[in-house]
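Asker: To convert, count from 1 in the sequence shown and add 53; that's the working numbering.
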Amino acid sequence: MEETRLKKIEELRSKGKEPYPYRFGRIPDIGSIRKKWERDPKGERVRIRAKIKRTSRTEEGYVSRVTDESGLEILVFSSWEPERDKEYILEGSLIRKDGKLALFDAVVSEGETVSIASIKEKYDFDPKDEKVKIAGRLVTLRQMGKALFGHIQDVWGRIQIYLRKDTVGEERYKEFTEIIDVGDIIGVEGTLFRTNTGELTVNVTEFVLLSKCLNPLPEKWHGIKDVEVRYRQRYLDLIANEEVRRIFITRSKIISVIRKFLDERGFVEVETPVLQPVASGATAKPFVTYHNYLESELYLRIAPELYLKRLIVGGFPKVYEIGKNFRNEGVDTTHNPEFTMLEFYVAYWDYKDLMEFTEELLSFLAREILGSMKITYQGNEIDLTPPYRKVSYFEILKEKTGKDKEFFLKRENELRKWAKEVGLQKVDEMTHAKIIDKIFEHFVEGELIQPTFITDFPKILSPLAKTHRNDEDLVERFELFIGGKEVVNAYTELNDPVEQRERFLQQLKEKERGDEEAMEMDEDFIKALEFGMPPTAGEGIGIDRLVMILTDTPSIREVILFPAMRKIKDEVNI
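If you want it as structure tokens, here you go:
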């Protein structure tokens, strides 16, 4: 904590003013104010004739304030340096930068132009001194003569405030300059107007301190780069980085749109236990805990699958759950021990129905969230327009390795030897199934950039999937890969209780051979199957990975608000 800020709190209290008041009122968020008085230009291409007033250098290039004969101004971003006081015809994409309309990627052009006034009339509406009462964190502050300019922000946006001595009075103006610091959360009342550059601004008539920030924001608060600080102190990351705020707002929208899609198609959202007596439903190492009252060992769920299928047995034809799963595994760019999954199950469908349904869901998401079927992920343009490519597991393995299905399934010793030759580590510690899985990951996954259904998996990798109707060695299962990442796993569900028991027994043998991720026997689930489960198809979608793809984010920790981090003894310094 900063001593000078603590003293300001003491000073306020000595005057009978509370630096942490109870409320400010039911007020609109900043984003809703902006939405009322502004339109998003969405990159519209425009051409203007304008004179350069001032140019500044930025990390990415140059930003210029330009004006035309109307006297109105607009910002222009370019990779080249315009000459001051010179008139140009400039063409670029119209965007909104820090609340202001701006011409982005501007180049010198020719031809017919539009006026800055017409652009502002279309996208910047005149608030006509409307009265407002809003609050947010003060993130910039500068003095200009007898006036102060600053910005307050919340997660939905920022807005400029303008404080004049002759408006609020000399005493209140002095109080603001002496008590308020960047980082404080303040409430303001006033009227809306636009500056010469078109920025929506509050002409402040009254203000109040709502929460004193005792630690100054990091020196470069406007773009914290240290990932340790960003992940461990996500609150600072959200204050500092607009892109981070955008990612998590988009994540919330994605989940909301998924719910809308499923609800409109007759699915029922349910909740199943997180603490489970049997670690099953997926191949993963569980977290173990103990319930004192029940005097029993329990597991944090690795998947809700077996409970959701019990509901199908009970008569629900369409169910889904969006929730946390927990797997005691490593942390990397696509794995976090606590992650969010969507799982849904449909009676009377098979995996082919699910492929069509998955295409419908993802294309719906793309339209609703992004407004386009084409996205960019890590430099690759990806087209989410159905239909998606379909290729069988062993067909693509043979294409990439030259080895056929018989080699992988029937010649285990040769496979082990070859796996070592191609660079797999710890092959001697792996089961047969695990080697096949790692080979596929090594040779295939990273190359599946465009949406691709990998179908018809080997049975030894899929203990809960139904045997393929045309091949006893395979199951009716698919995984959908986008951008080199597995996003979806689905299959026609195994509903034969006798065969399911045999599969569980095989999993127990795998566990005895050292596979910590093999499933346990679940007797109650088998009993449920004995009462009859209709033909069923089920699917799991990794929400975190889906958000990564749709927000062009390289690491799973960027899309989880509070990712798992190694414990440290010393406090993170900023």
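In this text, a Cβ means the ideal position worked out from N, Cα and C, and glycines have one as well.
(1) Note the first and the last residue of the continuous alpha helix (DSSP H) segment covering Val-497.
(2) Could you tell me whether the Cβ of Asp-207 comes closer than 7 Å to any Cβ of chain B?
(3) Suppose the cutoff is 7 Å on Cβ atoms and the five residues either side in sequence are ignored; what does the same chain contact list for Tyr-404 look like?
(4) Throw me the rounded Cβ distance for the Val-221 and Thr-258 pair, which I believe falls under 8 Å.
(5) How would you call Val-475, buried or exposed, if buried means at least 16 neighbouring beta carbons within 10 angstroms?
(6) Straight-line CA distance for Trp-90 to Asp-179?
(7) Pick helix, strand or coil for Val-384, following the three-state DSSP scheme.
(8) Assuming Lys-265 contacts Ile-492 (C-beta within less than 8 Å), just tell me the rounded distance between them.
(9) Measure the alpha-carbon distance for Phe-460 versus Lys-338 and round it to whole angstroms.
(10) Could you give the distance in angstroms between the alpha-carbon of Ile-609 and the alpha-carbon of Leu-270?
(11) Return the CA-CA distance between Val-384 and Leu-147, expressed in angstroms with no decimal places.
(12) What would DSSP say about Thr-589, mapped onto helix, strand or coil?
(13) Decide if the region 591-598 is in contact with the region 558-565; the criterion is three or more beta carbon pairs, one per stretch, under 8 Å apart.
(14) Which residue wins for smallest C-alpha separation from Pro-550, given the options Leu-253, Pro-516, Lys-139?
(15) Within a Cβ cutoff of 7 Å, which residues of the same chain sit near Leu-514, ignoring the five residues on either side of it in sequence?
(16) Given a threshold of 16 other Cβ atoms within 10 Å of its Cβ, counted over all protein chains shown, does Tyr-360 qualify as buried or as exposed?
(17) Let's see if you can read the secondary structure: which residues bound the beta strand (DSSP E) around Glu-97?
(18) Quick check: Ala-159 and Val-129, are their CB atoms within less than 7 Å of each other?
(19) Kindly indicate the opening and closing residues of the alpha helix (DSSP H) around Glu-452.
(20) Measuring alpha carbon to alpha carbon, tell me which residue in His-344, Glu-165, Leu-407, Val-310 is nearest Ala-693.
(21) Does the beta-carbon of Gln-431 have 16 or more other beta-carbons within 10 angstroms, so that it is buried, or is it exposed?
(22) Please confirm whether Gly-499 and Ile-602 have their CB atoms less than 7 Å apart.
(23) Does the distance from the C-beta atom of Ile-395 to that of Ile-375 stay below 7 Å?
(24) Assess contact between the region 93-111 and the region 183-197, defined as three or more Cβ pairs (one per stretch) separated by less than 8 Å. Is contact present?
(25) Could you give the C-beta distance for Arg-87 and Ile-212, rounded to a whole number, given that I count them as a contact under 8 Å?
(26) DSSP state of Tyr-352, grouped into three classes?
(27) Considering only residues of the region 324-377, which uninterrupted alpha helix (DSSP H) runs meet the minimum length of 4 residues and lie entirely inside it, listed in chain order?
(28) Under DSSP, the beta strand (DSSP E) around Met-394 begins and ends at which residues?
(29) Between the beta-carbon of Leu-462 and the beta-carbon of Asp-526, is there less than 7 Å?
(30) Give the straight-line distance between the Cα atoms of Lys-580 and Phe-340, rounded to the nearest whole angstrom.
(31) Would Asn-217 and Ala-200 be called neighbours here (beta carbons separated by less than 7 Å)?
(32) Would you mind sorting Arg-110 into buried or exposed? The rule is 16 or more other CB atoms within 10 Å of its CB.
(33) Does the count of Cβ pairs from the region 298-307 and the region 317-335 closer than 8 Å reach three?
(34) Of all the options Met-426, Pro-370, Thr-386, Leu-328, which has the alpha carbon lying nearest to the alpha carbon of Asn-378?
(35) The alpha helix (DSSP H) spanning Glu-228 covers which residue range?
(36) Once the 5 residues before and after Lys-371 are set aside, which same chain residues still bring their CB inside 6 Å of it?
Answerer: Looking at the coordinates:
(1) Here Val-497 belongs to no alpha helix (DSSP H), and DSSP marks it neither H nor E.
(2) Here there is only one protein chain, and chain B is not present.
(3) Glu-529, Arg-530, Phe-531, Ala-543, Tyr-544, Thr-545, Ala-590
(4) 7 Å
(5) exposed
(6) 7 Å
(7) coil
(8) Not quite, the Cβ-Cβ distance comes to about 59 Å (not below 8 Å), so this is no contact.
(9) 29 Å
(10) 26 Å
(11) 40 Å
(12) strand
(13) no
(14) Pro-516
(15) Ala-486, Ile-489, Asp-490
(16) buried
(17) 97-110
(18) yes
(19) 446-454
(20) Because the chain spans 54 through 627 in this model, residue 693 falls outside it and cannot be assessed.
(21) exposed
(22) no
(23) Position check: residue 395 holds Leu in this sequence, whereas Ile was assumed. Their beta carbons are under 7 Å apart, which means Leu-395 touches Ile-375 by this criterion.
(24) no
(25) 7 Å
(26) strand
(27) 358-366
(28) 391-400
(29) yes
(30) 25 Å
(31) Residue identity differs from the one stated: residue 217 is Arg in this sequence, not Asn. Yes. Within cutoff.
(32) exposed
(33) no
(34) Leu-328
(35) 223-232
(36) Gly-319, Phe-320, Val-399
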